[in-house]
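See below for the structure under consideration.
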Amino acid sequence: MLKIAFIAHDRKKEEMVNFVTAYESVFAPHELYSTGTTGTRIMEQTSLKIHRFMSGPLGGDQQIGAMVAQNEMDLIIFLRDPLMAQPHEPDIIALLRLCDVQGIPVATNVATAELLVRALARGDFAWRELVHKYKPGIDQP
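So for the sequence shown, numbering that gives the first Met the number 0 puts the first residue at 0; every next one is plus one.
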């Protein structure tokens, strides 16, 4: 079971709901997380249970980022709106940087999300289980 997070900017929320609905059976066996409104909208349209954090601008991106920093997140689908300035842009950049540092796959558009979800369905994320199995303690390098 992997930990998967969904984040979507306002103008991308419907696209996220449609995407998750299309792949509901792929996501169902996993532990799911989301920022506030995105998670609510997904749960309203699917039978998925999602642990919701705060809204992105209120700290939800940072809450997911904290899991990433601890290497406790396995996959993030973050549908960003590249045409709209975001008031919490530094939080978004920090989250993406943490994903790069920890080697967490992150999709920022539906095309990349499609590739990652198809890989998830094939079982191509087994390497993440090894990451968790051999994860060093906090005081170890």
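Using N, Cα and C, we set each Cβ at its ideal position, and we do this for glycine too.
Burial state of residue 50 (16 or more Cβ within 10 Å): By the neighbour-count rule (16 or more Cβ atoms within 10 Å), residue 50 is not buried but exposed.
Beta-carbon contacts of residue 118 that lie in its chain and below 7 Å, excluding the five residues immediately before and after: If we look at residue 118 and ignore the five residues flanking it on each side, its Cβ neighbours are 124.
Bridge partner(s) assigned by DSSP for residue 22: Per DSSP, none; premise fails for residue 22.
Reference residue 76, options 61, 44, 47 and 109, closest by Cα: The residue from 61, 44, 47 and 109 with its alpha-carbon nearest to that of residue 76 is 109.
Cβ pair residue 57, residue 3 closer than 8 Å: In this structure, residue 57 keeps its C-beta atom at 8 Å or more from the C-beta atom of residue 3.
Identified DSSP bridge partners for residue 84: Per the DSSP secondary-structure output, residue 84 pairs with nothing in a beta bridge.
Residue closest to residue 103, alpha-carbon to alpha-carbon, out of 10, 16, 18 and 128: Measuring C-alpha to C-alpha distances from residue 103 to each of 10, 16, 18 and 128 identifies 128 as the nearest.
Buried or exposed (CB count within 10 angstroms, at least 16 for buried), residue 92: Exposed is the label assigned to residue 92, since fewer than 16 other Cβ atoms lie within 10 Å of its Cβ.
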